[in-house]
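Trainee:
Numbering (my numbering), first residue to last: 474 to 665.
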């Protein structure tokens, strides 16, 4: 990959966050290494849990989400997709819906809980398998053989999801979820 060396940007990394700039020619420039990088390099930063942000070189607008969505699109287009067509259609249906904000929080909460579950499983299986040989297929086989263990580990995760969903339903029935929005009853005082 050819690189172009430029003078480091003094504003880059002032907050400790790695700053990437996206130029109109669709190239990404890493201000820390003073070189052009690819989406694969950005994906590697995500996988390494590195803090970074992507800014439009002309407007300085934060376009990190756009770049992350590009990476997801590439991952979904090749190999084994994570989302079914129906799941993607359902996600699209939530845009513009009154539940859009809540669904974002719900997804984030569940992804965090699942990541914690994955870390606990990885810690328990540490040293059993060569990490480089731990493909999605091997992971599936490993999880399939761990049904009793999985039930024990998944129970708190499912309980958290169920509690959040029950709380949402309760607030929706009380009218406290979307107070003042047309089509939703106003919250009644306690005891009525």
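Here a beta-carbon is modelled for each residue, glycine too, at the ideal position from N, C-alpha and C. Predicted, not measured: the structure shown is a model, and the values here were computed from it.
Give me the Cα-Cα distance between residue 497 and residue 531, rounded to the nearest whole angstrom.
Mentor: Rounded to the nearest angstrom, the two C-alpha atoms are 8 Å apart.
Trainee: Cα separation between residue 563 and residue 591?
Mentor: About 25 Å.
Trainee: Below 8 Å CB to CB, which residues in the same chain sit around residue 544 once its five sequence neighbours on both sides are set aside?
Mentor: Excluding sequence neighbours, residue 544 sits near 512, 515, 516, 519.
Trainee: Count the other CB atoms, across all protein chains shown, that sit within 10 Å of the CB of residue 495; report buried if there are 16 or more and exposed otherwise.
Mentor: Buried.
Trainee: How about residue 548 and residue 492: are their beta carbons less than 8 Å apart?
Mentor: Their beta carbons are not under 8 Å apart, which means residue 548 does not touch residue 492 by this criterion.
Trainee: Could you tell me which whole alpha helix (DSSP H) segments of length 4 or greater appear in the stretch 483–551?
Mentor: Qualifying alpha helix (DSSP H) stretches, in chain order: 512–520, 537–550.
Trainee: Does the Cβ of residue 568 have 16 or more other Cβ atoms within 10 Å, making it buried, or fewer, making it exposed?
Mentor: Exposed: under 16 other Cβ atoms inside 10 Å.
Trainee: Is the beta carbon of residue 582 closer than 8 Å to that of residue 501?
Mentor: The answer is no: Cβ separation not under 8 Å.
Trainee: Can you tell me the Cα-Cα spacing of residue 558 and residue 576, whole angstroms?
Mentor: Those two C-alpha atoms are separated by around 18 Å.
Trainee: Helix, strand or coil: which one does DSSP assign to residue 554?
Mentor: Three-state DSSP puts residue 554 in coil, outside helix and strand.
Trainee: Helix, strand or coil, according to DSSP, for residue 576 in the structure here?
Mentor: DSSP places residue 576 in helix when its eight states are reduced to three.
Trainee: Can you tell which of 503, 505, 639 has the C-alpha that lies nearest to the C-alpha of residue 579?
Mentor: Measuring from the Cα of residue 579, the nearest candidate turns out to be 639.
Trainee: Looking only at its own chain, which residues have a Cβ that is under 8 Å from the Cβ of residue 553, when we skip the five neighbours before and after it?
Mentor: These residues qualify, in order along the chain: 609.
Trainee: Once DSSP output is grouped into helix, strand and coil, what is the label at residue 582?
Mentor: Three-state DSSP puts residue 582 in a helix.
Trainee: For residue 565, count neighbouring Cβ atoms within 10 angstroms of its own Cβ and tell me buried if that reaches 16, exposed if not.
Mentor: The residue in question, residue 565, is exposed, as its Cβ has fewer than 16 Cβ neighbours within 10 Å.
Trainee: For residue 571, name the three-state secondary structure that DSSP assigns.
Mentor: Residue state, collapsed to three classes: coil.
Trainee: Sorted by chain position, which residues of the same chain lie with C-beta nearer than 7 Å to residue 634's C-beta, five sequence neighbours on each side aside?
Mentor: Here the set comprises 583.
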